[in-house]
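Heads up, the working numbering is the position in the sequence shown plus 66, with the first residue counted as 1. Beneath this line is the structure, given in structure tokens, with notes to follow.
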Amino acid sequence: MSVTKWILRFEVIVVALNADAHWRDSARPVKFFIWDGRAAFPVVIFLMHISWWTFAITFFLIIFLSILNRYGLTPIVFARALRTFIAGKRKLAIPWWMS
């Protein structure tokens with residue numbers, strides 16, 4: 067089977083699977099196979115500069131993002147939680163230089 071026939075066959079299958087798709091499905095997160103779409107960014111960087119260290123960075127970033135995804139966190143939510151953890155629980159209403 068030629069590549070173009072396979073691509074057309076794949077498109078027909080995708081259209082058949084998504085025939086009942088609704089507008090509410092547009093808010094679903096982007097997936098790159100089984101990984102979150104954000105994990106595809108390190109892969110693109112690796113493909114642009116193929117070396118062992120970019121492979122290692124890509125591998126560890128995909129593992130890290132998969133762990134975050136397993137616990138239901140996005141990288142932005144994780145960064146906010148990390149910032150809150152570093153800042154501590156005590157929030158001052160009046161700055162220290164005004165008291």
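Idealized CB from N, CA, C, for every residue including glycine.
Quick one: Cα of Ile160 to Cα of Trp101, how far?
44 angstroms
- [ ] Could you tell me whether the segment 128-141 touches the segment 105-113, using the rule of 3 or more Cβ pairs below 8 angstroms?
- [x] yes
| query | Does the beta-carbon distance from Ile116 to Thr124 come in below 8 angstroms? | reply | Contact flag unset, no.
Point to revise | Beta-ladder partner(s) of Lys157, from DSSP | key: Answer is none; Lys157 lacks a bridge partner.
**Report entry** Through-space distance from Ile152 to Gly138, alpha-carbon basis
**Finding:** 21 angstroms
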